[in-house]
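Using this note's numbering, you'd call the opening residue of the sequence shown number 1 and step up by one each time. Positions of the beta carbon are idealized from the N, C-alpha and C atoms, including for glycine. As the structure is a computational prediction, the values presented were derived from the model and not from experiment. Working notes, structure below.
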Amino acid sequence: MTLNEAATKEVLAVLDTYVQYYNEKNLSGVLTLFAKDTSGFGTGKDEVITGYAGLKDQLKLDFNPSNTIRVKMRVIATGGVMPAAWITAFCDFDGTIAGKSAHMEGRMTAVLANHGGRWLFEQVHFSVPGQ
């Protein structure tokens, strides 16, 4: 069954919650949005995520107390066939890393699955064109 409007809104709400928690550096909050066997890629060559523990380790690096983070997402496409959904978005990252201002214009794709009425990220991929 193709994703209906209600399910699409639920999926987009999960993305909005992810952005909120990420910007707050809320590690436990972000982790509640991911499946235990999640996988994906970050923007760095070494940012390969395989499993929940790998995600947690990467988020701890991202949430370094000396860094500031502000992420914005602009969704350009959603789709899905129950129980799976996908998102394609542009993402802007702003903040400071090691005391230096940083800005990245990136892209994100994600796959979510419905687990008993709850949408969780199964796979994510962030990239920065030209890098």
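Of the listed residues the options, nearest to residue i (C-alpha basis)
{"i": "M73", "options": "K36, K100, A89 and M82", "result": "A89"}
{"i": "V111", "options": "D37, L27 and G54", "result": "D37"}
{"i": "N23", "options": "Y52, D92, V75 and E47", "result": "D92"}
{"i": "A7", "options": "A85, R107 and H125", "result": "A85"}
{"i": "M104", "options": "K60, E122 and T43", "result": "T43"}
{"i": "V128", "options": "D16, S101, S39 and R107", "result": "R107"}
{"i": "D122", "options": "K25, Y52, K100 and I69", "result": "What sits at residue 122 in the sequence shown is Glu, not Asp. Residue Y52 is the option with its Cα nearest to E122."}
{"i": "P65", "options": "K45, A102, S39 and K25", "result": "K25"}
{"i": "F126", "options": "F63, K9, F41 and G54", "result": "F41"}
{"i": "A102", "options": "V124, H115 and I69", "result": "I69"}
Beta-carbon contacts of residue i that lie in its chain and below 8 Å, excluding the five residues immediately before and after
{"i": "N67", "result": "G95, T96, I97 and A98"}
{"i": "V19", "result": "V71, K72 and M73"}
{"i": "L12", "result": "V75, T78 and I87"}
{"i": "L15", "result": "M73, V75, I87, A89 and A110"}
{"i": "N137", "result": "Missing from the structure shown is residue 137; the chain here goes from 1 to 131 and no further."}
Collapsed DSSP secondary structure at residue i in the structure displayed
{"i": "D46", "result": "coil"}
{"i": "T96", "result": "strand"}
{"i": "T8", "result": "helix"}
{"i": "G106", "result": "strand"}
{"i": "L15", "result": "helix"}
{"i": "L3", "result": "coil"}
Terminal residues of the beta strand (DSSP E) in which residue i lies
{"i": "K72", "result": "T68 to V81"}
{"i": "T38", "result": "F34 to F41"}
{"i": "L120", "result": "R118 to S127"}
Extent of the continuous alpha helix (DSSP H) to which residue i belongs
{"i": "E24", "result": "It is not in any alpha helix (DSSP H) - E24 carries neither H nor E in the DSSP assignment."}
{"i": "G54", "result": "Y52 to D62"}
Own chain partners of residue i with C-beta closer than 7 Å, once the 5 adjacent residues on each side are dropped
{"i": "L59", "result": "L27 and V30"}
{"i": "L120", "result": "L33, F34, A35, L112 and A113"}
{"i": "E47", "result": "F41 and Q58"}
Own chain partners of residue i with C-beta closer than 6 Å, once the 5 adjacent residues on each side are dropped
{"i": "Y21", "result": "G29 and V30"}
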